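So the sequences go chain by chain: S and V.
Letter by letter, the first sequence follows residues 8 to 545 in our numbering.
Letter by letter, the second sequence follows residues 15 to 449 in our numbering.
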Amino acid sequence: MAIKRDAYEILKGIVGEEYISDDPAICEAYRAGPGGYECALGYERVMTKIPGAVILPKTTEEVQKIVKVCNKYKIPFVPYSTGFYGPRSHCHVEGELLIDLKRMDHFEMDEKHLYVVVGPGVIYSQIQAEALKKGLHAIVGGGGSQVSAIANLLGDGWSPLSFRAGLPQRRILGTELVLPDGELLLLGSLALSDDPFWGEGIGPDLRGILRGYTGVRGCLGIVTKMAIKLFPFQPEPLVPIGISPNTALKLPVGRVKWINYQLPSREAMIKAMYEIGKAEIAGCVTRVPLFWRTLAKAESKEEFWELWGKESEETIKNSFIIRILLVGYTSEEQLKYDENVLTDIMTELGGIQRPTKPTDESWFKGADSAGMWLMCGSYVSVDYVVESISHAVLHGESFAKLKEKYTPPLMPDYGDPGWIQSFELGHTGYSEFLVYWDQDEDVKSVDHFYVETSKMNIRERFYTALLGPHQPLFLTGPRYGPNYHEWLLKIKNEFDPHWVCHPPLPLAHDQFVEKAPWMKEIKDWESPPRLPLPDEWK
Amino acid sequence: MVKKDEVQKPKRKQFSLDVSDLENFVYDMSRCVKCKGCKWVDHIFIEGINYSIRCPSSLWKPYDAYGAFGKMRIGIALYEKRLEWTEKLLEILYACTLCGACDVGCKRNLDLEIGLALESLRIKAVREGAAPLPAHREVISNVLKTHNRFGLKNEGRENLQASLRFKKDRSILYFVGCLSSFHEFHIPEALCKVLMESGWGFEFLDEEWCCGNVIYSLGMIEEAKKIAERNVELIRSKKANVLLVSCAECYRMWKVDYPKILGLSTDELGFRVTHFIELAFDLLKEGYFRPRRKIERKVAYHDSCSVSRLCDPWVKWSGTRGWMGITDPPIKRRRGIFGLYLQARTILSSIPGLKLVELPRTRENALCCGAGRGTKEAFPEFSDFVVKERIKEVKDSGAEMLVSSCPWCKIHFRGALSDGGIDVLDISEVLALSL
Numbered sequence: 008m009a010i011k012r013d014a015y016e017i018l019k020g021i022v023g024e025e026y027i028s029d030d031p032a033i034c035e036a037y038r039a040g041p042g043g044y045e046c047a048l049g050y051e052r053v054m055t056k057i058p059g060a061v062i063l064p065k066t067t068e069e070v071q072k073i074v075k076v077c078n079k080y081k082i083p084f085v086p087y088s089t090g091f092y093g094p095r096s097h098c099h100v101e102g103e104l105l106i107d108l109k110r111m112d113h114f115e116m117d118e119k120h121l122y123v124v125v126g127p128g129v130i131y132s133q134i135q136a137e138a139l140k141k142g143l144h145a146i147v148g149g150g151g152s153q154v155s156a157i158a159n160l161l162g163d164g165w166s167p168l169s170f171r172a173g174l175p176q177r178r179i180l181g182t183e184l185v186l187p188d189g190e191l192l193l194l195g196s197l198a199l200s201d202d203p204f205w206g207e208g209i210g211p212d213l214r215g216i217l218r219g220y221t222g223v224r225g226c227l228g229i230v231t232k233m234a235i236k237l238f239p240f241q242p243e244p245l246v247p248i249g250i251s252p253n254t255a256l257k258l259p260v261g262r263v264k265w266i267n268y269q270l271p272s273r274e275a276m277i278k279a280m281y282e283i284g285k286a287e288i289a290g291c292v293t294r295v296p297l298f299w300r301t302l303a304k305a306e307s308k309e310e311f312w313e314l315w316g317k318e319s320e321e322t323i324k325n326s327f328i329i330r331i332l333l334v335g336y337t338s339e340e341q342l343k344y345d346e347n348v349l350t351d352i353m354t355e356l357g358g359i360q361r362p363t364k365p366t367d368e369s370w371f372k373g374a375d376s377a378g379m380w381l382m383c384g385s386y387v388s389v390d391y392v393v394e395s396i397s398h399a400v401l402h403g404e405s406f407a408k409l410k411e412k413y414t415p416p417l418m419p420d421y422g423d424p425g426w427i428q429s430f431e432l433g434h435t436g437y438s439e440f441l442v443y444w445d446q447d448e449d450v451k452s453v454d455h456f457y458v459e460t461s462k463m464n465i466r467e468r469f470y471t472a473l474l475g476p477h478q479p480l481f482l483t484g485p486r487y488g489p490n491y492h493e494w495l496l497k498i499k500n501e502f503d504p505h506w507v508c509h510p511p512l513p514l515a516h517d518q519f520v521e522k523a524p525w526m527k528e529i530k531d532w533e534s535p536p537r538l539p540l541p542d543e544w545k
Numbered sequence: 015m016v017k018k019d020e021v022q023k024p025k026r027k028q029f030s031l032d033v034s035d036l037e038n039f040v041y042d043m044s045r046c047v048k049c050k051g052c053k054w055v056d057h058i059f060i061e062g063i064n065y066s067i068r069c070p071s072s073l074w075k076p077y078d079a080y081g082a083f084g085k086m087r088i089g090i091a092l093y094e095k096r097l098e099w100t101e102k103l104l105e106i107l108y109a110c111t112l113c114g115a116c117d118v119g120c121k122r123n124l125d126l127e128i129g130l131a132l133e134s135l136r137i138k139a140v141r142e143g144a145a146p147l148p149a150h151r152e153v154i155s156n157v158l159k160t161h162n163r164f165g166l167k168n169e170g171r172e173n174l175q176a177s178l179r180f181k182k183d184r185s186i187l188y189f190v191g192c193l194s195s196f197h198e199f200h201i202p203e204a205l206c207k208v209l210m211e212s213g214w215g216f217e218f219l220d221e222e223w224c225c226g227n228v229i230y231s232l233g234m235i236e237e238a239k240k241i242a243e244r245n246v247e248l249i250r251s252k253k254a255n256v257l258l259v260s261c262a263e264c265y266r267m268w269k270v271d272y273p274k275i276l277g278l279s280t281d282e283l284g285f286r287v288t289h290f291i292e293l294a295f296d297l298l299k300e301g302y303f304r305p306r307r308k309i310e311r312k313v314a315y316h317d318s319c320s321v322s323r324l325c326d327p328w329v330k331w332s333g334t335r336g337w338m339g340i341t342d343p344p345i346k347r348r349r350g351i352f353g354l355y356l357q358a359r360t361i362l363s364s365i366p367g368l369k370l371v372e373l374p375r376t377r378e379n380a381l382c383c384g385a386g387r388g389t390k391e392a393f394p395e396f397s398d399f400v401v402k403e404r405i406k407e408v409k410d411s412g413a414e415m416l417v418s419s420c421p422w423c424k425i426h427f428r429g430a431l432s433d434g435g436i437d438v439l440d441i442s443e444v445l446a447l448s449l
């Protein structure tokens, strides 16, 4: 469905003819699926649409004007930077305007005060490359180097380097937000001056609304500029080597080193994660799913399955490998000290060192994250938890148990408990559970599994991140809060009274359950007979 | 616990890498995850905020449609007949140099056949009467009627051949290419000088025809096949061991696209296709010649797409795809690792006084010059935009000389650098100057 002609002409006047289009081929390219994060599942097929038009603003002022036109003409809109997050970052209703922000590639660095200021068109690898030139580093989130740093920090942003650098929401400093009605809101120190160096501003910290645990997926406005925290690093260069696909950063071994340890038991693995945190050594401590290790060894999909076929429930059950990054931030001596402490911890716990390469392709420039799709073709992380390390481990194990029922069509991973990490020097633990499938299979049960994970979290009292726009709000809201769904809807109504900003979020998953006939059989929670959102988006 | 054997289903689909049928690439188009590995320089090699995009079309127009990630979605829509051919759609498909940056970018992580899908989409456009574009008519007519890109009398090639001094050796046939036969004479002259110095010889073809690169690139596979059959048969009849070329486009056409079109593997051609830089590298390594004259200049090497990421040998393949997309027999992916990156750099580094500077976008991450595959004829503004972007990068590097291994890159750069300041040469010319 096209955008109203008179509104289209006004929008054209804002950005110029070159940067707006409703051509069918241009719009088709912004389809969410069939490939991609969470794509080829029911949510993508039922809930997403191609845009009515696409517009590419260059400045914050242009974004404000566009949003005001959308409010005047009741045109739904969605902000879009790289589109990597899958269906939830794509259009959901007919005649929606997709605001593609990739031309907003503003970049400046304040190396003295350790931050960059970027627009939503800037990706992590660009920031990281600039930071490394100055002896600093940024944290590249799990989404990989190819994602918009702003978009990633609004919803995810966790990395093994959160062990020392802390949680992603704290890396958001001064921020410029165009509200759903087009007004400009400045957060952090930007509220008081032109200097965005500080994340906290006067009054309540509105980053809680902007992001909270995992964000609202673009339904509360458009961030047009953000200052992002950088961190001091060691001075030696990380040298790019190889020819694609075998490229990596060569690490200066006296300063940066990955070490893998095999622990004898689950308890020893948890204890090691705590002890490393207590000793305040290392740059990260992470337990990766075993299939990632296999993936890193395989040259192709076929080789992966050949290697993975040799694993079994027994080998997975006894795989307690943690990967530790040591960084001599201050000196080579510091790295040696860290390594000695690590050796002491591991000796005490019976850890055996396993071979590692003196290179990195995952965490400084996150170049291999798209490889997640190589094995099966389809992938989504169904949950994240940031609580204690013990909680994280339990969470992963519970997921693995629940997943059995849905395998197939999910990839056989023999009970692997997922990705578990120590954050904030062991004060918090992280669990992420990833599932893979072949989209040519009947995957309705994957849609079921996705929602059943929420029920499991409620039942087993896990502190899940995937609430709000990621799951049915009326399933999770009353159980986490107990009324956070009411608060979220009040905030939505207050800031976006016409619900023009990416409707029907945050009620999209509720609507999906209503629209997809195969979801009825698992709907056992209360929700209003009519979802509380404007009729035009129902 | 579910065992692997229990979930592996006997779902197997027969397919091949035949570009004349888009259905062969539906799997690849449907698995694009919008990671944009096709657009960005390999993240390991990104140097900062500037020069981080390697897809010329994405640089030119920022809409998703112009990147391979958008074209894959458009490709699915065309396959499912949800889109009609329009001028805009043809611009999206043809304002693209098929430079392979997207293909090797995708194969960094995902192994999808992006490049073949793009070629297949053009073949579909031609078969459905939407292409070639009016702007391509002249060059098509020239190649098909006069057997060269310029519509000149093809016998004119003999003028160059008669003017060159070279040693005769029938085991090596030199395929000069249209541009060097009719305009860029300095390249074959330089090649002759290097080979004479090395004591090596070659023979010209009696009747050289255009390799048909532009014909294939536009999607005219039937016409391209006829040219390929004629040319390959001619070389086979001469019983030469080596076909020597000095044009990157000819190199890729002979080494990769001819076998692809003819249903062969590269090693089934019956002769070896060698670019001048491969031969010069071998001769240098084995001491047949030694650059002596100093050239005190800073030089940037531009990796022409067809001697770098696009020149992995073609391996014909047909088989099945089953559960989780596993192919049987496993497809040996062409990831651009056999590019002549080392050869060119070794040659330039051997020249006394010459200082090689690497561009930010280099080797498999290089930005195409913007001249190739029919773009200059149909979308000159795109072509100009891309070459200017590449020149900006060269100027920022401080290079005084820009060298490539393809006459088409050379003339495109020279045209855009007509204000002087940076010399543009073919690698054979630089080498000849050093002897």
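Ideal Cβ placement from N, Cα and C applies to all residues, glycine included.
Since the structure is predicted, the reported quantities are computational estimates derived from the model, not experimental observations.
Item: Contact set between the stretch 445 to 470 of chain S and chain V, restricted to residues whose Cβ is under 9 angstroms from the partner; Value: D445, Q446, D447 and E448
Item: Any beta strand (DSSP E) of 3 or more consecutive residues that is wholly inside the stretch 276 to 317 of chain V; Value: 286 to 289 and 312 to 315
Item: Any alpha helix (DSSP H) of 4 or more consecutive residues that is wholly inside the stretch 40 to 76 of chain V; Value: 40 to 44 and 70 to 74
Item: Start-to-end residues for the beta strand (DSSP E) that takes in N267 (chain S); Value: V263 to Q269
Item: Interface flag, W312 (chain S) vs chain V, CB-CB below 9 angstroms; Value: yes
Item: Partners in chain V for L63 (chain S), counting only beta-carbon separations shorter than 8 angstroms; Value: P76 and Y77
Item: Cutoff 9 angstroms: I73 (chain S) Cβ touching any chain V Cβ; Value: no
Item: CB contact below 9 angstroms: F114 (chain S) versus chain V; Value: yes
Item: Strand pairing of E183 (chain S), partner residues [DSSP]; Value: S:L193 and S:K232
Item: Among S:P476, S:C291, S:A289 and S:V123, nearest to L227 (chain S) - alpha-carbon criterion; Value: S:P476
Item: Residue-chain proximity (G109 (chain S), chain V), Cβ-Cβ < 9 angstroms; Value: Looking at the sequence provided, one finds Lys at residue 109 (chain S) rather than Gly. With 9 angstroms as the cut-off, K109 (chain S) counts as an interface residue toward chain V.
Item: Neighbour list for V47 (chain V) in chain S, Cβ cutoff strictly below 7 angstroms; Value: G42, G43, Y44, A377 and W380
Item: Endpoints, the alpha helix (DSSP H) within which F311 (chain S) is located; Value: K308 to W315
Item: Alpha-carbon spacing of A399 (chain S) relative to A145 (chain V), whole angstroms; Value: 57 angstroms
Item: Euclidean distance between Cα positions of I328 (chain S) and S395 (chain S); Value: 19 angstroms
Item: Reduced DSSP secondary structure (H/G/I, E/B, other) of M54 (chain S); Value: helix
Item: Boundaries (first-last residue) of the beta strand (DSSP E) holding D440 (chain V); Value: D437 to D440
Item: Closer than 9 angstroms to chain V by CB, E346 (chain S); Value: no
Item: Inter-residue spacing [alpha-carbon to alpha-carbon] between Q241 (chain S) and H57 (chain V); Value: 20 angstroms
Item: The stretch 146 to 165 of chain S contacting the stretch 216 to 224 of chain S, beta-carbon criterion three pairs below 8 angstroms; Value: yes
Item: Strand pairing of F196 (chain V), partner residues [DSSP]; Value: In the DSSP output, where bridge partners are listed per residue, F196 (chain V) has none listed.
Item: Bridge-paired residues (DSSP) for L257 (chain S); Value: Note on residue identity: the sequence assigns Lys, not Leu, to residue 257 (chain S). DSSP, once it has assigned bridges, lists S:V246 and S:T366 as partnering K257 (chain S).
Item: Own chain, CB closer than 7 angstroms to M15 (chain V), minus 5 neighbours either side, in chain order; Value: Residue placement at M15 (chain V) cannot be trusted, given a pLDDT of 47 that sits under 50; what the coordinates show is reported in the next sentence. For M15 (chain V), where only same-chain residues beyond five positions count, there are no Cβ hits under 7 angstroms.
Item: Where the stretch 119 to 136 of chain V meets chain S: residues whose CB sits under 7 angstroms from a CB there; Value: K121, R122, N123, L124 and D125
Item: Exposed unless 16 or more other CB atoms sit within 10 angstroms - verdict on A430 (chain V); Value: buried
Item: Coarse secondary structure for G81 (chain V), derived from DSSP in three states; Value: coil
Item: Whole-angstrom C-beta distance between E127 (chain V) and F39 (chain V), which should lie under 8 angstroms; Value: 6 angstroms
Item: Continuous beta strand (DSSP E) stretch holding Q428 (chain S): start and end; Value: W426 to F430
Item: Among V:M338, V:R311 and V:S322, the one whose alpha carbon lies nearest that of F311 (chain S); Value: V:M338
Item: Beta carbon proximity, I250 (chain S) to chain V, threshold 9 angstroms; Value: yes
Item: Chain V residues whose Cβ lies nearer than 9 angstroms to that of Y15 (chain S); Value: Neighbours of Y15 (chain S) on chain V: none; closest Cβ ~16 angstroms, over 9 angstroms.
Item: Coil, strand or helix - G226 (chain V) by DSSP; Value: coil
Item: Residues sharing a beta bridge with K27 (chain V), DSSP; Value: V:R335
Item: Chain S within 9 angstroms of S155 (chain V), Cβ atoms only; Value: no
Item: N- and C-terminal bounds of the alpha helix (DSSP H) containing F421 (chain V); Value: For the sequence presented, residue 421 (chain V) should be read as Pro rather than Phe. Start and end: P421 to A430.
Item: DSSP three-state assignment for W525 (chain S), whether helix, strand or coil; Value: helix
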